[in-house]
Every structure is written in C-alpha cells, then in structure tokens.
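Structure record follows, encoded as structure tokens.
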Amino acid sequence: MKQEKSGGILHYAGQNFLFPFILVTSCFALWGFANDITNPMVKAFSKIFRMSVTDGTLVQVAFYGGYFCMAFPAAAFIRKYSYKAGIMLGLALYATGALLFFPARQIGLFAPFLLAYFILTCGLSFLETSCNPYILTMGSPETATRRLNMAQAFNPIGSLCGMFVAMNFIQNRLNPMTTQERATLNDAEFAALRDADLAVLIKPYLIIGIVILVMLVIFAISKLPKNGETGEKMHPLASIRRLLHIKHYREGVIAQFFYVGVQIMCWTFIIQYGTRILLQEGNYTALERFIGGLLGADMSGGMTERNAEVLSQGYNILAMIGFCTSRFICTYLMKFINPGRLLKILAIAGFIFVLGVIGFDSRMGLYCLVGVSLCMSLMFPTIYGIALDGLGDDAKFGAAGLIMAILGGSVLPPLQASIIDMGTIGGFPAVNISFILPAICFVVVMIYGQRSYNRTKV
C-alpha cells in the first residue's frame, strides 16, 4: 500500500484539516450514541407494551427504515448545497426526532415512538451521507480509507455512552416486573405501569435532543472547507447509471447491507441470548459479580431475569469496548495490510465465532458472541472506503447507496426475531439457531473482501 506523505493523513496540498476533521468526527460519536441507546429498546418496548420480540423489532424497522428512505434525498440535497448544509439539516432532524419522544409519551402508544425514531434516523441518514464522504476528502486519496477508519473509531465511543445511558438511566430504572408478571395485570394496572416506564425512557432522548441543538449552533458558526463541492449542475440519474456499472461499488452496497445486518443482530439479540444462557447456568462468575456491581444489580440472591438482562447488557458493553479497541488496532494495521485482505481475515474470524455462538449452549457461546464484535470493528468504514474508491463527484450518490444499505439493520433483525420466537427448533434453542443468519452475513463480507483484494492486485 502507498504510505501517507510526511505531513500526515490530515494534511494535503498545503491544507490542514485537523479542526474540520475533529468537528465532523464528533458527529460519528453522536450517531453511535443514537444507535446503541436504541438497540436495548427492543427488549424495553417489548416489556413496556407487552409485545413479542418480533413486534419489538419494529423499533429497528423504523430506525433503519429512516436511513433507507432519506439517503438519496440527502445526497441530492448535499450535491445541490454542501456537506455542511447536509450535516446541519441532519442535526436538525436528529434533534426533532429526539424531542418528539415527549408528545409520544403523552399519547402513550407505540406508534408515535416509531414515528419519532423514523424522523430521528432521517437526520442520521443526512449525517452519515454527509460526514463519511466528507472525511474521505480531508487529505490524500491514498489514505482516505485509513482516515475514515480513524473517524469511525469514535463511533463506538458514542455507542458505549449510549449503552451506558440505556442501562443506567433506562433499563435499571424501569419497573422490575418480568414479562410474565406484566401479562397478568388488568388494563388499569398495565396503563399505570406503562406510563411510569415511558416517563423514565424518554428522559435521555430529551437531553440528547438539547445537546444536538447545541451542536447545530456550533456547526452554523464554524467555517468548513468546501472539498468535493464542484458546484456543477446536478444530474442524479446519470450518476446512478454510472454507479450501477461499477462492479466494486455494486458489490460494496450488497456487502454493506449484510454487514449492518450482522452488526445489529449481534448487538440487539445478545440480550435475549445472554439472558437465556445466564438463567440456565443459574450462578454468577467473578466477572459477572464485578459487572453487576458496576451496573447496580442486586447480586445478593440467585440469578433473576432482571439480573440476567443487566449482565447481558454488561456483556454487550464489553463487546463494544472490544469493538472500539479493535477499530484503533485495525486502523493501524491497515498501514501494512491491504484493506480487502484484512476485511476477509476478520470476516472469517467472525464466522468462526458465530459457529461457537450456535454450537455452545453455555457461557462459552456468550463469550464467542462478545468476540464477534472484535471482528466487526473494521468492516463498515472499510467496505465504505473500498466501494467509493475512485468515484469522484459520483461519491455523493455512491454514499447514499451505501447508507441505504443500512436497511440491512431493519430487514434482518426481524427475521432473526421470528426464529427466536419459535422457542425451540428440533430440540435446540431457537435463539442459538437464529445466529445462522449472522454466519451467512459474514460469508458475504468475506467474499467481498477477497474480491476487493484481488482487484488491487490486477
């Protein structure tokens, strides 16, 4: 691989991109927060509204559906105006969706929350469609994929904050009644419990909505470079036609769809998987007592459903810490290893870990599920960078296609949830069997990594 010039990956053609890089990279943490405060809400909403796991995944359908619907409108807007304008509109929609949680709580139905999530993620679609290709322009083209990996390394930091808030300020403060106990309540008791839990759930969203409004003001008063903005007349259909004839781009969109699917499945259903395993095991390990103490669980009695859920979320936090650490390591390794080849290696490792998740009916399977996150760390920005390589001004619409591929996080989790709801399949726990879907996803990513590596050798 070519190495960056002595000025570093944030210096190019006499320009220093450090400040705009830092400012734009802050958005990566902000949408990471939104993503990972939301994943545990599948379980939370299922309990609050007495729904099945499959019905609870409508949260993910609304969340990632917003990404899909708004990606191309976002690209058209950015191409007509600027990356900065796209970021600002994204922040405005993000804040609006978060603040809509208040009227949704007043209504007390599930549907208004889905609408709030949809609007919020329309904003995230604008942010990702703007920020990812913008980062690619902030330096030498030879180091673009490394630069995007560096920026994306701050995404899991936001994710960790989202998980921490979800655990400590939502899940731990919801009424501890189990799903089975809630099913026995009459309508009046259920309504009172639902309203109390929703009052707890909305507070972090209202606070992040205010934070996003502050970020919107900061962007409004900041001067950002106009890299990649040619001012040429927009011809979206011509751009799309050109993109459809570029093999590494087409395949990149497919790979991204399956990668986002595997990421959301593994991070969402670690709660269901871990809860079942821990209740089955019935005891606490030293690590779990430590995690439980940090997360405020009552460890004095036996393994309860609530403690199992808290500890499962603790394992999810460990997975995100590993994901974050691995991304920094992989970004460094890309100085020496071809991105496509490293992508393939990690996809193979992820596939092996998922086989462990399926095959082990014990804590070992849970440990394998944590290990999957180490392998996923490189994938999103690397697929993104490879797919947009050499697209020029078409990268704006190319970015939209890759953001639309986030739909994988909306399509695949409900399929996995429908398997989990079966309970058992052929005498095996359905939650274990459901991880066949992530295994298939890793195979797709592995093939893309190999094909990308082969392309660079030609």
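Counting from 1, position 435 in the sequence shown corresponds to residue 534 in my numbering; the numbering is continuous, with no gaps. A virtual CB, placed ideally from N, CA and C, is assigned to each residue, including glycine. All values reported here derive from a predicted model rather than from experimental measurement.
- In this structure, the straight-line span from the alpha carbon of Met262 to that of Pro275 is close to 19 Å.
- By the criterion of a C-beta distance shorter than 6 Å, Leu297 is surrounded in its chain by Arg204, once the five residues flanking it on both sides are discounted.
- Around the beta-carbon of Arg246, 16 or more other beta-carbon atoms lie within 10 Å, marking it buried.
- Where Met398 is concerned, there is no enclosing alpha helix (DSSP H), because DSSP gives it neither an H nor an E.
- By the Cβ neighbour-count rule, Asn406 is buried, with 16 or more other Cβ atoms within 10 Å of its own.
- Met545 is not a Cβ neighbour of Lys434, given a cutoff of 8 Å.
- Distances from the alpha-carbon of Phe541 to those of Val361, Gly522, Met398 put Val361 closest.
- Under a 10 Å Cβ-count criterion, Lys146 is classified as buried, with 16 or more other Cβ atoms of the shown protein chains found around its own Cβ.
- Partner residues in a beta bridge of Ile136, as assigned by DSSP, do not exist.
- With distances taken between CA atoms, Gly484 lies nearest to Val352 out of Val352, Met398, Asp154, Tyr431.
- For Ile447, the three-state secondary structure derived from DSSP is helix.
- Just so you know, the alpha carbons of Glu288 and Gly207 end up roughly 14 Å apart.
- Gly381 sits close to Met402, with the two beta carbons spaced by under 8 Å.
- Three or more beta-carbon pairs separated by less than 8 Å are not found between the segment 517–526 and the segment 186–200, which leaves the two stretches without contact.
- According to DSSP, Thr220 shares a beta bridge with no other residue.
- Between the C-alpha atoms of Ala250 and Tyr431 there is a straight-line separation of about 13 Å.
- No Cβ-Cβ contact shorter than 8 Å links Tyr414 with Met398.
- The C-beta of Phe200 has 16 or more other C-beta atoms within 10 Å across all chains shown, which makes the residue buried.
- One thing to note: Tyr233 has its Cβ within 8 Å of the Cβ of Tyr182.
- With respect to Met169, Phe225 sits close: the two C-beta atoms are nearer than 8 Å.
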